[in-house]
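Written out below as C-alpha cells is the structure these notes cover.
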Amino acid sequence: MFINTEIFKKYKNIIAGFSGKTDLKTMDRYQERLFSGGKGFKIINLKQAHTDNVVFYPGYSKDIEADAIITNQKKVILTIRTADCIPILIFDPSNNVIAAVHAGWRGTKSKILKKTVELMCEKYGCDKEKILFSIGPSNRKCCYDVKKDLYDIFTIDNENYKDFFSQIKDDLWRLDILGINLKYLIDELNISEKQIEIVDICTFCTPYFFSSRRDKSDMRNIAFISLQ
223 MFINTEIFKK YKNIIAGFSG KTDLKTMDRY QERLFSGGKG FKIINLKQAH TDNVVFYPGY
283 SKDIEADAII TNQKKVILTI RTADCIPILI FDPSNNVIAA VHAGWRGTKS KILKKTVELM
343 CEKYGCDKEK ILFSIGPSNR KCCYDVKKDL YDIFTIDNEN YKDFFSQIKD DLWRLDILGI
403 NLKYLIDELN ISEKQIEIVD ICTFCTPYFF SSRRDKSDMR NIAFISLQ
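Read the sequence shown against the working numbering and you will find it ends at 450, with the numbers running on by one and no gaps.
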C-alpha cells in the first residue's frame with residue numbers, strides 16, 4: 223500500500239509519501255523497488271535508536287544514531303522506517319528545506335519533533351508559519367496500550383500529559399502519542415492546523431501496514447521525502 227502526501231501535492235519540486243506492506247521479504251529489497259525510478263538520487267537511511275538526535279545532510283554519518291534528519295540538498299531521499307511509531311515528513315516551500323522525523327514514545331517525550339523544527343529555523347532561516355507537515359500512519363490512541371511505568375514516565379514531572387492517557391484497567395492505559403506531538407506543534411510552536419496533514423490510519427488496526435506490536439516482526443513501513 224502506498225499513500226501520497228496531499229499537503230505537498232501542489233509543489234512540483236517535492237516527492238514524498240508513506241509506503242506500507244509489500245510481498246518482498248527484506249527492507250533493502252523493498253526500498254530498492256520503491257525508489258527504482260529515482261536515478262541519481264541518494265538514499266539516506268538513519269541509524270534509528272529512539273533518540274532525540276537530529277542530524278543534517280550533508281554532514282551525516284551512517285554510524286551516528288539519529289531519529290530525525292534535515293537537508294536543503296536536491297536528489298537526496300530522506301527515509302524513516304516505522305512499524306508503530308510516528309513518521310513525520312516536513313517541508314518548507316519558501317526555503318526548500320525538508321526533514322524526516324521518527325517519533326516513538328521516547329522521541330515524543332524528548333520533543334524530537336519540536337527540536338527538528340527549531341533547528342530548521344535556526345540553520346536555514348525557515349519560517350514556522352510556512353512549514354508544512356505530513357504525519358503518517360502509526361499506532362493510534364485506539365490501540366496504543368501501555369503499562370503504568372510508561373504512564374509514570376510521562377506524568378511524574380508534568381501532569382498535563384495525563385490528558386493523553388485513557389485508563390482501561392488498573393495497570394493499563396491507552397496513549398495518544400499523536401496528540402502529544404500535535405500539542406508541541408500547535409501549542410508550543412504556534413503552528414496552524416492548516417499546515418498539518420494527518421494520514422488517518424492506525425498501523426495496529428490496518429493490515430496493510432506493518433505493526434511491531436501486532437505482528438511481532440522486524441518489518442517496517444517506509445516514509446520518504448526528497449527535493450527534486
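The beta-carbon is built from N, C-alpha and C at its ideal position, and this holds for glycine as well.
ask   = Can you list, in chain order, the stretches of the beta strand (DSSP E) that have 3 or more residues and sit fully within the segment 355-409?
value = 387-391 and 394-397
query = Does the separation of the CB atoms of S448 and I299 fall below 7 angstroms?
reply = Translated into the one-based positions of the sequence shown, residue 448 becomes position 226. Translated into the one-based positions of the sequence shown, residue 299 becomes position 77. Yes. Within cutoff.
Cβ-based burial, K331 [other Cβ within 10 Å; buried from 16] = Locating residue 331 in the sequence shown gives position 109, where the first residue counts as 1. Counting Cβ neighbours within 10 Å, K331 comes out buried, since at least 16 surround it.
ask   = Is the beta carbon of S414 less than 7 angstroms from the beta carbon of T425?
value = Your numbering for residue 414 matches position 192 in the sequence shown. Your numbering for residue 425 matches position 203 in the sequence shown. Judged by their CB atoms, S414 and T425 are not nearer to each other than the 7 angstroms cut-off.
task = For P280, count neighbouring C-beta atoms within 10 Å of its own C-beta (all shown protein chains included) and say buried if the count is 16 or more, exposed if not.
result = Translated into the one-based positions of the sequence shown, residue 280 becomes position 58. In the assembly as shown, P280 is an exposed residue. Its beta-carbon has fewer than 16 other beta-carbons within 10 Å.
query = Three-state secondary structure (DSSP) at I353?
reply = Residue 353 sits at position 131 when you count from the first residue of the sequence shown. The answer is coil: DSSP assigns I353 none of H, G, I, E or B.
task = Leaving out five residues on either side along the sequence, give the residues of the same chain with a beta carbon under 7 angstroms from the beta carbon of F453.
result = Shown here, the chain extends from 223 to 450; a query on residue 453 therefore has no answer.
ask   = When burial is assigned at 16 or more other CB atoms within 10 Å of the CB, is G329 buried or exposed?
value = In the sequence shown, the residue the question calls residue 329 occupies position 107. Under this definition G329 is a buried residue.
inquiry  = Between which two residues does the alpha helix (DSSP H) holding K284 run?
reply    = Locating residue 284 in the sequence shown gives position 62, counting from the first residue. Unbroken run through K284: none, as it is neither H nor E.
ask   = Does DSSP put T425 in a helix, in a strand, or in coil?
value = Position 203 of the sequence shown, counted from the start, is the residue given in the question as residue 425. In the structure shown, T425 sits in coil (DSSP, three-state: anything other than H, G, I, E or B).
ask   = How should R362 be labelled, buried or exposed, when 16 other C-beta atoms within 10 angstroms of its C-beta is the threshold for buried?
value = Counting from 1 along the sequence shown, the entry for residue 362 is found at position 140. Under the 10 Å beta carbon count, R362 is surrounded by 16 or more other beta carbons and is classified as buried.
key: Residue from E381, Y383 and C365 whose Cα sits closest to the Cα of L394   = On the sequence shown, position 172 is the one that residue 394 refers to. The option with the nearest alpha carbon to L394 is C365.
ask   = Where does I286 land, buried or exposed, given buried means 16+ other C-beta within 10 angstroms?
value = Residue numbering aside, residue 286 sits at position 64 when the sequence shown is read from its first letter. That one is exposed.
query = Which runs of the beta strand (DSSP E), 3 residues or longer, sit entirely within the segment 268-334?
reply = Given a length threshold of 3 residues, each whole run of the beta strand (DSSP E) inside the segment 268-334 is given here in chain order: 276-279, 290-293, 298-304, 308-314 and 319-325.
ask   = Taking C-beta to C-beta, are A322 and I302 nearer than 7 angstroms?
value = For the purposes of this step, residue 322 is identified with residue 100 of the sequence shown, where counting begins at 1. For the purposes of this step, residue 302 is identified with residue 80 of the sequence shown, where counting begins at 1. Contact flag set, yes.
ask   = Where do the N-terminal and C-terminal ends of the beta strand (DSSP E) with S241 fall, by residue?
value = Taking the first residue of the sequence shown as position 1, residue 241 is located at position 19. I236 to S241 is the extent of the beta strand (DSSP E) around S241.
query = Closest by CA to S360, which one among R436, V319, S316 and Q295?
reply = Within the sequence shown, numbered from 1, the residue matching residue 360 stands at position 138. For S360, the nearest C-alpha among the options comes from R436.
query = Do the CB positions of F240 and G358 come within less than 7 angstroms of each other?
reply = By 1-based counting over the sequence shown, the position of residue 240 is 18. By 1-based counting over the sequence shown, the position of residue 358 is 136. Cβ atoms of F240 and G358: closer than 7 angstroms.
query = Taking the C-alpha atoms as reference points, what is the distance between I320 and L400?
reply = The residue you call residue 320 lines up with position 98 of the sequence shown. The residue you call residue 400 lines up with position 178 of the sequence shown. Each residue's alpha carbon lies about 21 angstroms from the other.
ask   = With 16 other CB atoms within 10 Å as the buried threshold, where does N382 fall?
value = If you number the sequence shown from 1, residue 382 lands on position 160. Per the 10 Å Cβ criterion, exposed.
task = Select from D306, T338 and N380 the residue whose C-alpha is nearest the C-alpha of K438.
result = As a first step, residue 438 must be located in the sequence shown, where it is residue number 216. The residue among D306, T338 and N380 with its C-alpha nearest the C-alpha of K438 is D306.
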